[in-house]
Amino acid sequence: MDVGALDFTQVDWTEFGTATKDTLAMLGASALFTLILGLPLGIILFMSARSTSPIIRVVYSILSVIVNILRSVPFIILIVALLPLTDKLVGTTIGVKGTIPPLVIAAAPFFARLVETALREVDRGVIEAAHAMGASVWQVITRVLIREAMPGLIAGLTVTVVALVSNTAMAGMVGAGGLGTLAINYGYYRYETAVMLVAVVLMVIIVQVLQMIGDRLVIYFSRR
Amino acid sequence: MIQLENLTKTYGKGKNVTPALSELNLSIERGEIFGVIGHSGAGKSTLIRCINLLERPTSGRVWIDGVDLTRLSKSALQARRRKIGMIFQHFNLLSSATVYDNIAFPLRLVKIPEKNVRAKVEELLALVGLEAHASKYPAQLSGGQKQRVGIARALASDPDVLLCDEATSALDPQTTDSILKLLLDINRRFNLTIVLITHEMHVIQSICDRVAVIHQGGIVEKGPVAEVFLKPQHPVTRDFISREYSQAELLDTALSAPHGASALAVKISFLGDKTYQSILSQTVRQTGVDFAIIQGTISTLKNVPYGQLIVRFEGEEALIRRTIEILTGEGLDVEVIE
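Which chain is which? The protein sequence lines are A and B, in order. In terms of our numbering, the numbers along the first sequence are unbroken and rise by one, the last being 224. In terms of our numbering, the numbers along the second sequence are unbroken and rise by one, the last being 1338.
The structure is reproduced here in structure tokens:
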């Protein structure tokens, strides 16, 4: 790779526009499904860990092991391992659509752990007070746990989405499309360093913006 | 109104079973302020949590108004709990909600129209004197203010019982007094039954009608506060009272007679109006006995004045005995100290 000579004429800006859009689409969709799957999973982990019933504690142990397994498998291997499932779920294994299932299946357990941790920070006394006021389990979850843990949940989601950015790039290895594919195909395989550089800078910008939004929201929900 | 029947609670299993309550029985009347005092670890916290089943007793029954709470279904228990207010040592307010939203919390649980919520919350804010703080967050309030929010929240669903779990233990003495005053006011205004647990005799003395002393998971002494306070039977009770008043040890020489004359030390307890009457001086004038006050307290229990004096009578033995008879006849409690 010739780092010394950066030739920006190699950069096809239209292609970059499409790639950025694809990356953002992958991020948005996978973040949404990660939230939809990970939040309930995290709540179930939190609730079942505190249960006095032995059956529920067994459920917790099983869930906990599954979550740990999914979190320890390297993402690139997970993509390959999930190819049949991905095909079944969305009918393709490439492009934006084909990348979302592995992204979500990798990120949801990660987010679920962060949710569990955030919920553990909620003052037990407040939960007890809600029970004493006749709140149902559902009301305790929606009106006490999620509400009180909101800053932690948002911080957790921010961390997760930032991790998703790097995962979308990694998915570029296997034809995901988006900035990752550009960086790898042009920048790495064809030694077009300028293309790689632009792709990386764009991803850094995306991460910066996401982190900033996350931080702002955490501050907003921490006014107490 | 509340009957606890053979209440037993153990924690742990197998070899590690630790009993918190054992075969405890207690009956609390409607409209009274009932205090439970005990050292930490005596089981008082478990006891109060068993009343609304935040802790489920291992065995025994919890009757409120003739209904056994331990046999209620989940939803019936939730409904009953709405009528049992509870306040806590550490207030347990939602830190992410304003004072207003905290007080509205129990009302919104049952989906009361927002208009009615507003009316009720404003009424409660006025009751606890926090009108100016409605939009503040708990972190911006002092301990006493937080407990006032706790009280307002507990009263929001018009409960018939209020459980106070060490409600003043995290507060300074002045704030404690203002919260106790508020509780007494609420008790009178709404005829609300209050059950409180504490480790401070001062709290019992200030507002309770009756008291139970809990020790190692059982009630060792109970009765009207004046009775328990003036004539404590159990060593634990005596310990609580003497801690509160840290009276000096009486010297033996103070009790024995000077110059070999006949003398007798007695403890005289006054209660109610008799506290401020001149019974003692009238009696000794009549019998011609002298007396020296060795130790004494004049104070109030709730709003009932009481006095307790240790005096040494000096004079002829027969006259001293006559003096004691007259005092007893006047309705004072006289106990000879050996």
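Every residue, glycine too, gets a C-beta built ideally from N, C-alpha and C.
CB contact below 7 Å: residue i versus chain A
| i | result |
| --- | --- |
| residue 1308(B) | no |
| residue 1269(B) | no |
| residue 1106(B) | yes |
| residue 1047(B) | no |
| residue 1027(B) | no |
| residue 1116(B) | no |
| residue 1052(B) | yes |
| residue 1109(B) | yes |
Residue interval of the beta strand (DSSP E) (run including residue i)
| i | result |
| --- | --- |
| residue 61(A) | Looking at the DSSP string, residue 61(A) is not in any beta strand (DSSP E); the run it does join, the alpha helix (DSSP H), is 54 to 72. |
| residue 1267(B) | 1263 to 1271 |
| residue 1061(B) | 1059 to 1064 |
| residue 1213(B) | 1210 to 1215 |
| residue 1296(B) | 1290 to 1301 |
| residue 1145(B) | Note, residue 1145(B): premise wrong, no beta strand (DSSP E); alpha helix (DSSP H) at 1143 to 1155. |
Distance between residue j and residue i (C-alpha atoms, nearest Å)
| i | j | result |
| --- | --- | --- |
| residue 49(A) | residue 142(A) | 18 Å |
| residue 216(A) | residue 156(A) | 13 Å |
| residue 1150(B) | residue 1019(B) | 30 Å |
| residue 54(A) | residue 47(A) | 13 Å |
| residue 1164(B) | residue 1081(B) | 14 Å |
| residue 37(A) | residue 1146(B) | 37 Å |
| residue 1(A) | residue 193(A) | Confidence at residue 1(A) is low in this model, with a pLDDT of 47, below 50, so the placement of that residue should be treated as unreliable; the coordinate-derived value is given next. Answer to the nearest angstrom: the Cα atoms are 7 Å apart. |
| residue 1324(B) | residue 1294(B) | 17 Å |
| residue 222(A) | residue 111(A) | 20 Å |
| residue 1279(B) | residue 1315(B) | 18 Å |
| residue 1110(B) | residue 150(A) | 23 Å |
| residue 195(A) | residue 16(A) | 9 Å |
| residue 1300(B) | residue 1089(B) | 26 Å |
| residue 116(A) | residue 40(A) | 10 Å |
| residue 61(A) | residue 83(A) | 27 Å |
| residue 1077(B) | residue 1046(B) | 18 Å |
| residue 138(A) | residue 125(A) | 17 Å |
| residue 31(A) | residue 1034(B) | 55 Å |
| residue 181(A) | residue 79(A) | 15 Å |
| residue 213(A) | residue 202(A) | 17 Å |
| residue 1297(B) | residue 1271(B) | 12 Å |
| residue 1010(B) | residue 1025(B) | 16 Å |
| residue 941(B) | residue 1322(B) | Nothing about residue 941(B) can be read from this structure; chain B reaches only from 1001 to 1338. |
| residue 205(A) | residue 220(A) | 23 Å |
| residue 1030(B) | residue 1242(B) | 31 Å |
| residue 56(A) | residue 1005(B) | 31 Å |
| residue 91(A) | residue 184(A) | 25 Å |
Below-7 Å beta-carbon distance, residue i vs any chain B residue
| i | result |
| --- | --- |
| residue 47(A) | no |
| residue 1(A) | Residue confidence for residue 1(A) is low, a pLDDT of 47 falling below 50, so the modelled location carries little weight and cannot support an answer. |
| residue 219(A) | no |
First and last residue of the uninterrupted alpha helix (DSSP H) at residue i
| i | result |
| --- | --- |
| residue 1191(B) | It is not in any alpha helix (DSSP H) - residue 1191(B) carries neither H nor E in the DSSP assignment. |
| residue 1206(B) | 1201 to 1207 |
| residue 220(A) | 193 to 221 |
| residue 1102(B) | 1099 to 1109 |
| residue 170(A) | 150 to 171 |
| residue 1120(B) | 1114 to 1127 |
| residue 121(A) | No alpha helix (DSSP H) holds residue 121(A); DSSP gives it neither H nor E. |
Presumed contact (8 Å Cβ cut-off) between residue i and residue j, rounded CB distance
| i | j | result |
| --- | --- | --- |
| residue 1037(B) | residue 1234(B) | With a Cβ gap of about 11 Å, residue 1037(B) and residue 1234(B) do not count as contacting. |
| residue 29(A) | residue 100(A) | 5 Å |
| residue 103(A) | residue 164(A) | 6 Å |
| residue 1222(B) | residue 1211(B) | 7 Å |
| residue 1128(B) | residue 1180(B) | With 8 Å as the limit, residue 1128(B) and residue 1180(B) do not qualify as a contact, their Cβ atoms being about 13 Å apart. |
| residue 1204(B) | residue 1166(B) | The pair is not a contact, with the Cβ atoms about 13 Å apart (cut-off 8 Å). |
Any non-hydrogen atom of the ligand SAH closer than 6 Å to residue i Cβ
| i | result |
| --- | --- |
| residue 160(A) | Because no ligand of any kind appears in the structure shown, any question about the ligand SAH cannot be addressed here. |
Interface flag, residue i vs chain C, CB-CB below 7 Å
| i | result |
| --- | --- |
| residue 1237(B) | Considering every chain present, this structure includes no chain C. Its protein chains are A and B. |
Scan the stretch 117 to 131 of chain A for residues whose Cβ lies nearer than 8 Å to a Cβ of chain B and list them as they occur along the chain. 123, 125, 126, 128, 129, 130 and 131
Note down, in chain order, all residues in the stretch 130 to 155 of chain A with a beta-carbon under 8 Å from any beta-carbon belonging to chain B. 130, 131, 132, 133, 134, 135, 136, 139, 143, 144, 147, 148 and 150
Residues of the stretch 1088 to 1099 of chain B whose Cβ lies closer than 9 Å to any Cβ of chain A, in chain order: Hits within the stretch, in order: 1088, 1089, 1090, 1091, 1092, 1093, 1094, 1095, 1096 and 1097.
Interface residues of the stretch 1147 to 1174 of chain B facing chain A [CB-CB below 7 Å]: Listed by position, the residues of the stretch 1147 to 1174 of chain B near chain A (Cβ gap below 7 Å) amount to none.
Which of the residues in the stretch 1070 to 1086 of chain B, read from start to end, lie with their CB under 7 Å from any CB of chain A? 1078, 1079, 1081, 1082 and 1086
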